[in-house]
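A.B. asks:
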Amino acid sequence: LPKRVSELSMDACAVTDHGNLFGAIDFYRRSKSAGIKPILGCELWVTEGAMEAREKTKNHHLILLAKNTIGYANLMYLVSMGWRKGFYYKPRIDKEVLKERSEGLVALSGCLGGEMAQHIMHGEPDDAAQVAQEWAHMFDKDSFFLELQHNDRPEQKQVNDWLCNYSE
Numbered sequence: 516l517p518k519r520v521s522e523l524s525m526d527a528c529a530v531t532d533h534g535n536l537f538g539a540i541d542f543y544r545r546s547k548s549a550g551i552k553p554i555l556g557c558e559l560w561v562t563e564g565a566m567e568a569r570e571k572t573k574n575h576h577l578i579l580l581a582k583n584t585i586g587y588a589n590l591m592y593l594v595s596m597g598w599r600k601g602f603y604y605k606p607r608i609d610k611e612v613l614k615e616r617s618e619g620l621v622a623l624s625g626c627l628g629g630e631m632a633q634h635i636m637h638g639e640p641d642d643a644a645q646v647a648q649e650w651a652h653m654f655d656k657d658s659f660f661l662e663l664q665h666n667d668r669p670e671q672k673q674v675n676d677w678l679c680n681y682s683e
């Protein structure tokens, strides 16, 4: 890890490559040698349709982090399935395979490309709330989190405001 990261006195750090785990092993080794707990994750594309369908569907971002070895095994499986069976322009998974392999994973609602954020930006707050409930029930207790980001995009402020109000 760069020297400046270790100077932050961080005790944990995560990597979330987009659609793959290519950096996981190097990140793990460097984190351990720097005395930082490595958290392995991935930002996946989750399709609204079936992952094996060869047609254009909406795809949404979802961050998954491994809590333990079961979670890491499930994360590897999901990423592999996205490439092997779900690839259509991007390595995608669907909610069915995610439900089957959600044990040991933590999920974050995602960036502006996430399903909840898309509903919020399109003026569909009830749909965003429904997705939040779906994710919360899909993962272990206390393993789904709303993701807030800070940037200068006005739509990010709209999404963050909704997420903060929803979380209350």
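In terms of my numbering, the sequence shown opens at residue 516 and continues consecutively.
Idealized CB from N, CA, C, for every residue including glycine.
What does the alpha-carbon distance come out to for the pair Lys-656 and Leu-593?
C.D. replies: Looking at the two C-alpha atoms, the distance is approximately 20 Å.
A.B. asks: Helix, strand or coil: which one does DSSP assign to Thr-572?
C.D. replies: It is coil, neither helix nor strand.
A.B. asks: Mind checking who Pro-553 pairs with in its DSSP beta bridge?
C.D. replies: Per DSSP, Cys-528.
A.B. asks: Could you check the C-alpha separation between Cys-626 and Ser-548 for me, to the nearest Å?
C.D. replies: Straight-line Cα distance between these residues: approximately 30 Å.
A.B. asks: What would DSSP say about Arg-607, mapped onto helix, strand or coil?
C.D. replies: The answer is strand: DSSP assigns Arg-607 an E or B state.
A.B. asks: What's the gap between the Cα of Leu-516 and the Cα of Lys-582?
C.D. replies: Confidence at Leu-516 is low in this model, with a pLDDT of 48, below 50, so its placement is unreliable and no value can be given for it.
A.B. asks: In three-state DSSP terms, what is Phe-659?
C.D. replies: Looking at Phe-659 - three-state DSSP - the assignment turns out to be strand.
A.B. asks: In this structure, does DSSP put Ala-565 in helix, strand or coil?
C.D. replies: Coil.
A.B. asks: Checking 8 Å against the spacing of the C-beta atoms, do His-652 and Ala-643 come in under that value?
C.D. replies: Not in contact: His-652 and Ala-643 (Cβ atoms no closer than 8 Å).
A.B. asks: Relative to the alpha-carbon of Gly-538, which residue among Tyr-604, Gly-556, Lys-614 has its alpha-carbon at the smallest distance?
C.D. replies: If we check each option's Cα against that of Gly-538, Gly-556 comes out closest.
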